[in-house]
Every structure is written in structure tokens, then in C-alpha cells.
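**Q** Top line first, the protein sequences correspond to chains L and S.
This note's numbering applies: residue 1 is where the first sequence begins, and numbers increase by one.
This note's numbering applies: residue 116 is where the second sequence begins, and numbers increase by one.
Beta carbons: idealized from backbone N, C-alpha and C, even for Gly.
Got a structure for you, questions after.
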Amino acid sequence: AQTVTQSQPEMSVQEAETVTLSCTYDTSESNYYLFWYKQPPSRQMILVIRQEAYKQQNATENRFSVNFQKAAKSFSLKISDSQLGDTAMYFCAFMKDNAGNMLTFGGGTRLMVKP
Amino acid sequence: KAGVTQTPRYLIKTRGQQVTLSCSPISGHRSVSWYQQTPGQGLQFLFEYFSETQRNKGNFPGRFSGRQFSNSRSEMNVSTLELGDSALYLCASSRTGTASSYEQYFGPGTRLTVT
């Protein structure tokens with residue numbers, strides 16, 4: 001079974017600054033996918049970024065980027081130029097390859113962007 | 116393109132009753148997954164349906180069941196409701212049943228309160 005751990009229950013950052021959210025996972029699988037999801041107060045879960053385990057290059061999506069360390073089983077999310085709209089719960093999630101759409105989520109990090 | 120819709124959005128039930136929640140995926144999406152979100156347990160996978168077949172099942176008692184129709188719409192049923200079933204139930208859809216189709220789109224959720 002897979003486990004996903006987010007060690008920072010809450011974080012805050014000033015608008016326009018950079019913040020990094022941590023995530024570690026445990027798995028015996030060699031092929032898998034990692035995701036960061038955002039859940040704003042509206043509760044609508046939104047995919048932020050994904051990373052294929054077989055890719056060494058870290059994924060980026062506009063202001064969002066990841067630091068994927070496969071050997072250390074670490075998958076952190078960096079948000080650059082933080083905006084007020086980034087205020088949300090952020091969940092790290094794991095999915096095995098070729099096993100259907102079953103996500104294992106971490107406990108989440110509540111991010112507050114302050115003006 | 117219409118997003119994932121879930122009905123009803125809010126529901127209040129009494130212990131011992133049963134409830135049925137509905138999820139309509141994005142047009143063309145054949146995989147539907149269900150998740151339970153609670154403050155104590157976080158986000159937990161319930162089950163996934165793909166082409167009317169249950170593909171994966173999480174660690175929930177048999178009181179939780181689901182099904183998928185030929186038009187990919189899915190329902191989940193909880194029988195003999197308990198107070199601990201109070202949660203936000205999220206549905207997610209994607210085009211295929213493999214992780215390579217990473218675009219899982221979540222619905223707004225159904226907030227179930229059991230009294």
C-alpha cells in the first residue's frame with residue numbers, strides 16, 4: 001500500500017513571494033504518477049501539476065513547479081509570485097500506473113497568501 | 116464543455132437511513148471515481164468505475180456501494196447511515212481508466228450530514 005505524507009498542516013506567504021510545500025511518499029512501485037491538487041474554499045478540486053515517475057525532468061506549469069526526488073521519495077511544490085487566489089488547501093497525491101484512477105492523498109497543507 | 120456534476124449538493128439524513136448520490140461525468144469520460152473527504156480521515160478513495168465495471172475499491176464497509184450506467188453516469192449508495200458517514204463526497208471523471216490519462220476532473224461534491 002502507498003502512503004503520502006504532508007508534514008506542513010498550515011503555511012502562509014506574502015503576496016508575490018515564493019513558497020514551497022513538502023510531500024513525501026512511500027511505495028514499492030516503480031511506475032507511478034504524482035500530483036498536486038488545489039482545493040479552494042469553494043471545495044472544487046483542481047489539478048495543479050503532475051509528474052511521471054519515469055521522467056527525470058521536473059514538471060512546471062506557469063508559476064508552479066515541482067522538485068521530484070525519486071530516490072528520496074520526495075515531491076515538493078514550489079509556487080512562485082504567490083497570488084491571493086492561491087489561497088487554498090493543497091493535496092499531494094499518488095497514483096499507480098496501469099491500475100486505474102485511484103488516488104492516494106496526503107493530509108493536505110492549508111496555504112494562506114497574505115496581501 | 117460542461118464539467119462534472121453532482122447531485123444533490125447538500126443532503127441531510129438520519130441515522131439508519133440510506134442515501135444515493137449521483138455523478139454525471141464530463142461528456143466522453145468513461146471512468147468515474149468516488150472519494151470521501153472528512154476532517155478526521157482526509158480524502159479517501161471509495162471506488163472507481165470504468166465502462167460499467169468496478170475497477171478498484173477502497174477500504175470501506177459493504178454499506179458503501181456504487182454502480183455505473185451505460186452513459187457513464189454513476190451513483191453511489193450508502194445504506195444504514197452512521198454519524199461517521201457525514202462527509203463531503205467527491206466524484207472525479209477521466210477519459211480512460213489508466214493513469215496515463217492524468218486529467219481527472221472533480222465535481223463540486225455532495226455534502227452529506229447524518230444526524
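So which of L/P115, L/V113, L/Q57 and L/N98 has the shortest CA-CA distance to L/E29?
**A** Translated into the one-based positions of the first sequence, residue 29 of chain L becomes position 29. Checking every option, the nearest Cα to that of L/E29 belongs to L/N98.
**Q** Give me the residue from L/P9, L/F35 and L/M102 with the minimum Cα distance to S/N171.
**A** Taking the first residue of the second sequence as 1, we reach residue 171 of chain S at position 56. Closest by C-alpha distance to S/N171, out of L/P9, L/F35 and L/M102, is L/M102.
**Q** Counting only the same chain and skipping the five closest in sequence on each side, list residues whose C-beta sits under 6 Å from that of L/T18.
**A** Along the first sequence, read from residue 1 onward, the residue named residue 18 of chain L stands at position 18. Hits under 6 Å: S80.
**Q** Per the contact definition of three or more C-beta pairs closer than 8 Å, is the stretch 141 to 156 of chain S in contact with the stretch 181 to 191 of chain S?
**A** yes
**Q** List, in chain order, every chain L residue whose beta-carbon is nearer than 9 Å to that of S/G171.
**A** What you label residue 171 of chain S is simply residue 56 of the second sequence in a count that begins at 1. According to the sequence shown, residue 171 of chain S is Asn rather than Gly. Going along chain L in sequence order, the residues near S/N171 (Cβ under 9 Å) are A99, G100, N101 and M102.
**Q** For the beta strand (DSSP E) containing L/K73, list its first residue and its last residue.
**A** Taking the first residue of the first sequence as position 1, residue 73 of chain L is located at position 73. Note, L/K73: premise wrong, no beta strand (DSSP E); not H, not E.
**Q** I need the DSSP call for L/D86, collapsed to helix, strand or coil.
**A** Taking the first residue of the first sequence as 1, we reach residue 86 of chain L at position 86. Reduced to three states, the DSSP call for L/D86 is helix.
**Q** Here's a check: name, in chain order, each residue in its chain whose Cβ is nearer than 6 Å to the Cβ of L/T87, leaving out the five neighbours to either side.
**A** Working through the first sequence from its first residue, we reach residue 87 of chain L at position 87. M112 and V113, listed in sequence order.
**Q** Hey, does S/L196 have any beta-carbon neighbour from chain L nearer than 8 Å?
**A** One-based indexing of the second sequence puts residue 196 of chain S at position 81. By this cut-off, S/L196 is not an interface position.
**Q** So the beta strand (DSSP E) S/Q169 belongs to, where does it begin and stop?
**A** Counting from one through the second sequence, the residue named residue 169 of chain S turns up at place 54. Per DSSP, S/Q169 belongs to the beta strand (DSSP E) from T168 to K172.
**Q** Apply the 10 Å Cβ neighbour rule to S/S208 and answer buried if 16 or more other Cβ atoms are within range, or exposed otherwise.
**A** Translated into positions along the second sequence, residue 208 of chain S becomes position 93. Flag for S/S208 reads buried.
**Q** Excluding the 5 residues flanking L/G108 on each side, which residues of the same chain have their C-beta closer than 7 Å to its C-beta?
**A** Looking up residue 108 of chain L in the first sequence gives position 108. The residues are Q6, M89, Y90 and F91.
**Q** In the DSSP output, which residue or residues are listed as bridge partners for L/I49?
**A** Here the question's residue 49 of chain L lines up with position 49 in the first sequence. DSSP lists L/W36 as partners of L/I49.
**Q** Which same chain residues end up closer than 6 Å to L/Q2 when comparing Cβ atoms and leaving out the 5 residues on each side of it in sequence?
**A** As a working note, residue 2 of chain L is residue 2 in the first sequence. Closer than 6 Å at Cβ, skipping near neighbours: T27, F94 and T104.
**Q** How would you label S/T225, buried or exposed, when you count the other beta carbons within 10 angstroms and need 16 or more for buried?
**A** By one-based count along the second sequence, residue 225 of chain S stands at place 110. Using a 10 angstroms sphere on the CB of S/T225, the tally of other CB atoms reaches 16 or more, which defines it as buried.
**Q** Assuming S/L196 contacts S/F175 under a Cβ cut-off of 8 Å, what Cβ separation, rounded to an integer in Å, is found between them?
**A** Numbered from 1 along the second sequence, position 81 holds the residue referred to as residue 196 of chain S. Numbered from 1 along the second sequence, position 60 holds the residue referred to as residue 175 of chain S. Not a contact, Cβ separation roughly 13 Å.
**Q** Out of curiosity, what's the CA-to-CA distance linking S/T211 and L/Q51?
**A** Looking up residue 211 of chain S in the second sequence gives position 96. Looking up residue 51 of chain L in the first sequence gives position 51. Rounded to whole angstroms, S/T211 to L/Q51 spans 18 Å at the Cα level.
**Q** Which stretch, first to last residue, makes up the beta strand (DSSP E) that contains L/M102?
**A** As a working note, residue 102 of chain L is residue 102 in the first sequence. Where L/M102 is concerned, there is no enclosing beta strand (DSSP E), because DSSP gives it neither an H nor an E.
**Q** For S/G199, does the three-state DSSP call read helix, strand or coil?
**A** The residue labelled residue 199 of chain S in the question sits at position 84 within the second sequence. Correct three-state label for S/G199: helix.
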